[in-house]
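The sequence shown finishes on residue 119 if you use this note's numbering, and the numbering steps up by one all the way, no holes. We treat Cβ as the ideally placed atom computed from N, Cα and C, and that holds for glycine. This one's a predicted model, so the numbers in the text were calculated from it and none came from an experiment.
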Amino acid sequence: QVQVVESGGGLAQPGGSLRLSCTASGRIFSIYTMGWYRQAPGKERELVAEVTRSDHTNYADSVKGRFTISTDNTKTTINLQMNSLKPEDTAVYYCLCRTYGMEHYWGQGTQVTVSS
């Protein structure tokens with residue numbers, strides 16, 4: 004089992020910044036990727052950014068150049084720095100840990116609202 008705990012989020016103005024963090028615990032040696040997904044009302048959950056254990060990153064086209072995903076040396080915490088926020092970035096953001104055995108562990112979600 005892997006436990007996933009998220010922090011951060013909140014309210015930002017358009018053009019502003021927010022930072023999300025996600026920490027995994029438990030069977031951390033089994034984690035292959037950690038990433039952030041988001042789900043806006045009435046829309047499907049979508050990938051925002053992810054990072055593999057070998058530090059390969061992948062971003063949604065809509066956030067490239069604005070969001071940066073990073074991990075710590077233990078590979079158990081990831082951060083998502085979100086700059087130049089837009090109203091369309093408003094969503095519930097979820098952290099996902101995927102294991103080498105293709106198990107999925109989701110966080111509880113954190114609300115990000117971009118509004119003036």
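Query raised in the report: What are the partner residues of Met37, as DSSP defines its beta bridges?
Result: As a position in the sequence shown, residue 37 is number 34, starting the count at 1. Per DSSP, Val54 and Cys100.
Query raised in the report: When burial is assigned at 16 or more other CB atoms within 10 Å of the CB, is Leu14 buried or exposed?
Result: Taking the sequence shown and counting its residues from 1, one reaches residue 14 at position 11. Residue burial is scored here from C-beta neighbours: Leu14 has fewer than 16 other C-beta atoms within 10 angstroms and is therefore classed as exposed.
Requested in this report: Check Glu91 in the structure and name its three-state DSSP category.
Outcome: Within the sequence shown, residue 91 is the residue found at index 88, counting from 1. In the structure shown, Glu91 adopts helical secondary structure according to DSSP, grouped into three states.
Report task. Could you check how far apart the C-beta atoms of Arg56 and Ile34 are, in whole angstroms? I think they sit under 8 Å. Result -> Looking up residue 56 in the sequence shown gives position 53. Looking up residue 34 in the sequence shown gives position 31. The Cβ separation is near 7 Å, so the contact holds.
Query raised in the report: So, using beta-carbon positions, are Gly12 and Tyr96 closer together than 8 Å?
Result: Translated into positions along the sequence shown, residue 12 becomes position 9. Translated into positions along the sequence shown, residue 96 becomes position 93. Less than 8 Å divides the Cβ of Gly12 from the Cβ of Tyr96.
**Report entry** Span separating the alpha-carbon of Thr36 from that of Val54
**Finding:** Taking the first residue of the sequence shown as position 1, residue 36 is located at position 33. Taking the first residue of the sequence shown as position 1, residue 54 is located at position 51. If you draw a straight line from the Cα of Thr36 to the Cα of Val54, it comes to about 6 Å.
Query raised in the report: What residues in its chain sit with their C-beta under 6 Å from that of Gly29, if we drop five residues either side in the sequence?
Result: Your numbering for residue 29 matches position 26 in the sequence shown. Result list for Gly29: Gln4, Val5 and Gln6, in chain order.
Query raised in the report: So, are the CB atoms of Gln84 and Arg41 less than 8 Å apart?
Result: Within the sequence shown, numbered from 1, the residue matching residue 84 stands at position 81. Within the sequence shown, numbered from 1, the residue matching residue 41 stands at position 38. Cβ distance not < 8 Å, so Gln84 and Arg41 don't count as in contact.
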